[in-house]
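Asks: I am attaching a structure below and will ask some questions about it afterwards.
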Amino acid sequence: MSAELILALEQLEKEKGIKKEIIIEAIEAALISAYKKNFGSAMNVKVNIDRITGDVKVFGLRKVAEVPDMDQMDISVDEAAKLNPTLAVGDIAEMEVTPRSFGRIAAQTAKQVVVQKLREAERGIIYDEFYNKESDIVTGIIQRIEKRNVIVDLGKTEAVLAPTEQTPGEEYRFNERLKSYIVEVKKTTKGPQIMISRTHPGLVKRLFELEVPEIHEGVVEIKSISREPGSRTKIAVFSRDENVDPVGACVGQKGTRVQAIVDELRGEKIDIIKWSNDPKEYISSSLSPAKVVRVDANEEEKAARVIVPDYQLSLAIGKEGQNARLAAKLTGWKIDIKSESQLRQAIERQLFDDSISTGDFMDFDVEEQNDTYDGDQDEDVFID
Numbered sequence: 001m002s003a004e005l006i007l008a009l010e011q012l013e014k015e016k017g018i019k020k021e022i023i024i025e026a027i028e029a030a031l032i033s034a035y036k037k038n039f040g041s042a043m044n045v046k047v048n049i050d051r052i053t054g055d056v057k058v059f060g061l062r063k064v065a066e067v068p069d070m071d072q073m074d075i076s077v078d079e080a081a082k083l084n085p086t087l088a089v090g091d092i093a094e095m096e097v098t099p100r101s102f103g104r105i106a107a108q109t110a111k112q113v114v115v116q117k118l119r120e121a122e123r124g125i126i127y128d129e130f131y132n133k134e135s136d137i138v139t140g141i142i143q144r145i146e147k148r149n150v151i152v153d154l155g156k157t158e159a160v161l162a163p164t165e166q167t168p169g170e171e172y173r174f175n176e177r178l179k180s181y182i183v184e185v186k187k188t189t190k191g192p193q194i195m196i197s198r199t200h201p202g203l204v205k206r207l208f209e210l211e212v213p214e215i216h217e218g219v220v221e222i223k224s225i226s227r228e229p230g231s232r233t234k235i236a237v238f239s240r241d242e243n244v245d246p247v248g249a250c251v252g253q254k255g256t257r258v259q260a261i262v263d264e265l266r267g268e269k270i271d272i273i274k275w276s277n278d279p280k281e282y283i284s285s286s287l288s289p290a291k292v293v294r295v296d297a298n299e300e301e302k303a304a305r306v307i308v309p310d311y312q313l314s315l316a317i318g319k320e321g322q323n324a325r326l327a328a329k330l331t332g333w334k335i336d337i338k339s340e341s342q343l344r345q346a347i348e349r350q351l352f353d354d355s356i357s358t359g360d361f362m363d364f365d366v367e368e369q370n371d372t373y374d375g376d377q378d379e380d381v382f383i384d
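Residue numbering for the sequence shown follows full-length UniProt numbering, beginning at 1 and increasing consecutively.
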């Protein structure tokens with residue numbers, strides 16, 4: 001080896017940020033293994049690389065003993081004194097044992113160590129870069145599908161879209177560009193392992209931050225998101241500026257902003273509602289697009305009964321209960337939805353039960369009630 005290696009290491013330190021001393025220490029450690037492998041020495045050795053000239057020297061380490069044990073590679077006091085007069089019994093004597101052909105082995109070993117350190121440094125840089133992007137959105141190109149895992153090229157490395165993180169019904173085609181959400185970044189021996197998602201609610205949040213400047217600037221805040229990937233998402237927004245309509249800002253002129261997000265999510269429907277600190281108002285809005293007549297809220301149990309017109313009941317509940325389920329997730333409240341006729345029936349039934357329990361019935365003349373009662377019928381009539 002030579003001074004050129006030292007200059008090269010200094011250059012790497014500037015360009016890659018790998019400290020020269022760390023690489024030299026790694027080369028020294030690798031050379032010890034190389035020496036023992038190539039020269040079959042049982043002696044403990046130490047390798048020293050000159051930090052200026054790059055010269056490599058190998059030293060055998062032997063313990064100074066009054067009665068040397070050759071099996072233990074000891075050295076006598078007299079022999080140690082020839083090497084260094086200050087050595088005493090129990091000290092370690094260093095004897096240079098550098099082979100003539102060791103320069104070639106040292107150069108080859110140094111090359112391997114430098115390449116390995118460069119790979120480790122690059123992996124470390126990539127890991128740090130993507131670790132800082134955890135819970136953020138990235139764009140990549142689909143490379144291949146392995147055992148239902150979609151491998152996405154992010155430029156410097158690859159990410160894995162696991163089956164559990166894939167949106168139901170979505171098709172992933174080779175060379176297709178794909179936006180996804182970084183769920184987790186792991187450090188492994190083969191480099192960083194990046195797990196991405198297309199189902200995480202955070203994906204919707206980040207897409208709105210990209211499309212809506214008011215959200216990016218902090219004027220409009222996303223308070224809550226509930227999502228059933230591939231089908232429907234509800235998002236509650238709030239404006240810190242009374243002059244800015246949070247829903248309008250998210251929808252955009254002629255719906256351009258929200259439509260761009262819908263397109264990215266491949267047709268997933270998005271309901272944008274205005275957040276309110278009034279539970280009744282918030283719950284009512286959360287059931288959009290259904291119209292709500294009345295909300296009775298129990299704040300202690302965080303449970304609410306919602307009354308909707310009869311023709312709006314199926315819309316409020318949604319297909320297979322989806323609208324009600326998303327509203328409950330969005331608000332954090334348990335929501336019971338009733339139609340107006342169901343409420344009337346419940347009230348009438350309750351009044352009827354109360355009247356039976358109290359025996360508070362009203363008698364009336366059958367002949368005077370011909371318009372509502374057929375006298376030929378043999379049954380009692382009760383009026384609540």
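Even for Gly, the Cβ is constructed at its ideal location relative to N, Cα and C.
(1) Tell me which residues share the same chain as Tyr-131 and place their Cβ nearer than 6 Å to its Cβ, disregarding the 5 neighbours each side in the sequence.
(2) Would you tell me roughly how many angstroms separate the C-alpha atoms of Leu-315 and Lys-329, rounded to the nearest one?
(3) I'd like to know if Glu-129 contacts chain B, where contact means its C-beta is closer than 9 Å to some C-beta of that chain.
(4) Measuring alpha carbon to alpha carbon, tell me which residue in Glu-21, Phe-174, Thr-188, Ile-194 is nearest Leu-161.
(5) Could you please give the first and the last residue of the uninterrupted alpha helix (DSSP H) stretch that includes Pro-289?
(6) Between the Cα of Gly-201 and those of Pro-213, His-216, Glu-221, Glu-228, spot the shortest distance and give me the residue it belongs to.
(7) Can you give me the start and stop residues for the beta strand (DSSP E) that Tyr-181 sits inside?
(8) Is the Cβ-Cβ distance between Ile-235 and Lys-205 less than 9 Å?
(9) DSSP on Pro-85, reduced to helix/strand/coil?
(10) Since Lys-274 contacts Val-308 with CB under 8 Å, what's their CB separation in whole angstroms?
(11) Tell me the residue span of the alpha helix (DSSP H) that contains Glu-122.
(12) On a Cα-Cα basis, can you pick out the residue from Gln-345, Asp-136, Glu-300 that is closest to Gly-332?
(13) Go ahead and label Ala-110 buried or exposed: buried means 16 or more other beta carbons lie within 10 angstroms of its beta carbon, across all protein chains shown.
(14) Quick check on the burial criterion: 16 or more other C-beta atoms within 10 angstroms. Buried or exposed for Asn-323?
(15) Hey, would you say residue 391 sits closer than 9 Å to Lys-37, going by beta carbons?
(16) To which residues of the same chain is Lys-179 closer than 8 Å at the C-beta, ignoring the five residues directly before and after it?
(17) Which residue comes first and which comes last in the alpha helix (DSSP H) that contains Arg-257?
(18) Quick one: Cα of Met-95 to Cα of Gly-155, how far?
(19) Roughly how many whole angstroms lie between the Cα atoms of Thr-167 and Arg-144?
(20) Which residues in the same chain as residue 392 place their Cβ atom closer than 7 Å to its Cβ, once the five residues preceding and following it in sequence are excluded?
(21) For Asp-136, does the three-state DSSP call read helix, strand or coil?
(22) Beta-carbon within less than 6 Å of Asp-336's beta-carbon, same chain only, minus the 5 sequence neighbours each way: which residues are those?
(23) Asp-241: which of Glu-217, Ser-76, Arg-232 sits nearest, CA to CA?
(24) Whose CA, out of Thr-164, Ile-151, Pro-192, Ala-65, lies closest to the CA of Arg-177?
(25) Are the CB atoms of Glu-21 and Val-47 nearer to each other than 9 Å?
(26) Taking the alpha-carbon positions, what's the Glu-4 to Gly-54 distance?
(27) Mind checking whether Ile-182 and Ser-226 have CB atoms under 9 Å apart?
(28) Give every residue of the same chain whose Cβ lies closer than 7 Å to the Cβ of Glu-348, excluding the five residues on either side of it in the sequence, and list them in chain order.
(29) In its own chain, which residues sit with a C-beta less than 7 Å from the C-beta of Leu-83, not counting the 5 before and 5 after it?
(30) Report yes if the CB atom of Thr-86 is closer than 9 Å to the CB atom of Val-58, and no otherwise.
(31) Look at the alpha carbon of Lys-319 and the alpha carbon of Leu-287, and state the distance between them as a whole number of angstroms.
(32) Identify the continuous beta strand (DSSP E) that holds Gln-322 and give its terminal residues.
(33) Just to check my reading of the structure: Val-77 and Leu-61 have Cβ atoms closer than 8 Å, yes? What is that Cβ distance to the nearest angstrom?
(34) So, is Phe-174 buried or exposed, given that buried needs 16 or more other C-beta atoms within 10 angstroms?
(35) Under 8 Å Cβ to Cβ from Val-251, same chain only, skipping five residues before and after it: list those, please.
(36) What's the C-alpha gap between Thr-189 and Thr-157?
Replies: In terms of the structure at hand:
(1) The sequence position of residue 131 within the sequence shown is 131, counting from 1. Cβ neighbours of Tyr-131 beyond the five flanking positions: Val-185.
(2) As a position in the sequence shown, residue 315 is number 315, starting the count at 1. As a position in the sequence shown, residue 329 is number 329, starting the count at 1. Distance from the CA of Leu-315 to the CA of Lys-329, rounded to the nearest whole angstrom, comes to 17 Å.
(3) Reference to chain B is not applicable here, since this structure consists of a single protein chain.
(4) Taking the sequence shown and counting its residues from 1, one reaches residue 161 at position 161. Closest option to Leu-161, Cα to Cα, is Ile-194.
(5) Taking the sequence shown and counting its residues from 1, one reaches residue 289 at position 289. In the DSSP assignment, Pro-289 falls outside any alpha helix (DSSP H) and carries neither an H nor an E.
(6) The residue given as residue 201 occupies position 201 in the sequence shown. Looking at the sequence itself, residue 201 is Pro, so the reference to Gly does not match. Nearest neighbour of Pro-201 by Cα position, chosen from Pro-213, His-216, Glu-221, Glu-228, turns out to be Glu-228.
(7) Within the sequence shown, residue 181 is the residue found at index 181, counting from 1. Counting along the chain, Tyr-181 sits inside the beta strand (DSSP E) bounded by residues 177-188.
(8) Locating residue 235 in the sequence shown gives position 235, counting from the first residue. Locating residue 205 in the sequence shown gives position 205, counting from the first residue. Yes, these two residues count as a Cβ contact at 9 Å.
(9) Here residue 85 refers to the residue found at position 85 of the sequence shown. Shown here, Pro-85 sits in coil according to DSSP, grouped into three states, outside any helix or strand.
(10) Start at 1 with the first residue of the sequence shown, and residue 274 comes out as number 274. Start at 1 with the first residue of the sequence shown, and residue 308 comes out as number 308. About 19 Å separates the two Cβ atoms, so there is no contact after all.
(11) Residue 122 sits at position 122 when you count from the first residue of the sequence shown. Under the DSSP assignment, Glu-122 falls in the alpha helix (DSSP H) whose first and last residues are 102-131.
(12) Residue 332 sits at position 332 when you count from the first residue of the sequence shown. Closest option to Gly-332, Cα to Cα, is Glu-300.
(13) If you number the sequence shown from 1, residue 110 lands on position 110. By the Cβ-count criterion, Ala-110 is buried, with 16 or more other Cβ atoms from all chains shown falling within 10 Å of its own Cβ.
(14) As a working mapping, residue 323 is identified with position 323 in the sequence shown. With 16 or more other Cβ atoms within 10 Å, it is buried.
(15) Any answer about residue 391 is impossible in this case: the structure gives the chain only from 1 up to 384.
(16) Translated into the one-based positions of the sequence shown, residue 179 becomes position 179. Contacts found: Ile-137, Val-138, Thr-139, Leu-203, Leu-207, Glu-264.
(17) Your numbering for residue 257 matches position 257 in the sequence shown. Per DSSP, the unbroken alpha helix (DSSP H) holding Arg-257 starts and ends at 256-264.
(18) Residue 95 sits at position 95 when you count from the first residue of the sequence shown. Residue 155 sits at position 155 when you count from the first residue of the sequence shown. Those two C-alpha atoms are separated by around 51 Å.
(19) As a first step, residue 167 must be located in the sequence shown, where it is residue number 167. As a first step, residue 144 must be located in the sequence shown, where it is residue number 144. Rounded to whole angstroms, the gap between the alpha carbons of Thr-167 and Arg-144 is 17 Å.
(20) What is shown of the chain runs 1 to 384, which leaves residue 392 out entirely.
(21) Position 136 of the sequence shown holds residue 136. In this structure, Asp-136 counts as coil in the three-state DSSP scheme.
(22) Start at 1 with the first residue of the sequence shown, and residue 336 comes out as number 336. Here the set comprises Arg-305.
(23) On the sequence shown, position 241 is the one that residue 241 refers to. In terms of CA proximity to Asp-241, Glu-217 leads the group Glu-217, Ser-76, Arg-232.
(24) In the sequence shown, residue 177 corresponds to position 177, counting from 1. With distances taken between Cα atoms, Arg-177 lies closest to Ile-151.
(25) Mapped onto the sequence shown, residue 21 falls at position 21. Mapped onto the sequence shown, residue 47 falls at position 47. Between Glu-21 and Val-47, the gap from beta carbon to beta carbon reaches 9 Å or more.
(26) The residue labelled residue 4 in the question sits at position 4 within the sequence shown. The residue labelled residue 54 in the question sits at position 54 within the sequence shown. Here the alpha carbons of Gly-54 and Glu-4 stand approximately 8 Å from one another.
(27) Taking the first residue of the sequence shown as position 1, residue 182 is located at position 182. Taking the first residue of the sequence shown as position 1, residue 226 is located at position 226. For Ile-182 and Ser-226, no; Cβs fall outside 9 Å.
(28) Within the sequence shown, the letter at position 348 stands for residue 348. Within the same chain, Glu-348 has no close Cβ partners at all.
(29) Residue mapping note: residue 83 aligns to position 83 of the sequence shown, counting from 1. Counting only Cβ-Cβ distances below 7 Å, and skipping sequence neighbours, we find Ala-93, Met-95.
(30) Mapped onto the sequence shown, residue 86 falls at position 86. Mapped onto the sequence shown, residue 58 falls at position 58. Not closer than 9 Å, so no.
(31) Position 319 of the sequence shown, counted from the first residue, corresponds to residue 319. Position 287 of the sequence shown, counted from the first residue, corresponds to residue 287. About 13 Å.
(32) As a working mapping, residue 322 is identified with position 322 in the sequence shown. Run containing Gln-322: none in the beta strand (DSSP E); it sits in the alpha helix (DSSP H), 322-331.
(33) Taking the sequence shown and counting its residues from 1, the one referred to as residue 77 is at position 77. Taking the sequence shown and counting its residues from 1, the one referred to as residue 61 is at position 61. Actually they do not touch by this definition, with Cβ atoms about 16 Å apart.
(34) One-based indexing of the sequence shown puts residue 174 at position 174. Flag for Phe-174 reads exposed.
(35) Here residue 251 is taken as the residue at index 251 of the sequence shown, counted from 1. Hits under 8 Å: Arg-257, Val-258, Ile-272.
(36) On the sequence shown, residue 189 is found 189 positions in, with the first residue counted as 1. On the sequence shown, residue 157 is found 157 positions in, with the first residue counted as 1. Rounded to whole angstroms, Thr-189 to Thr-157 spans 14 Å at the Cα level.
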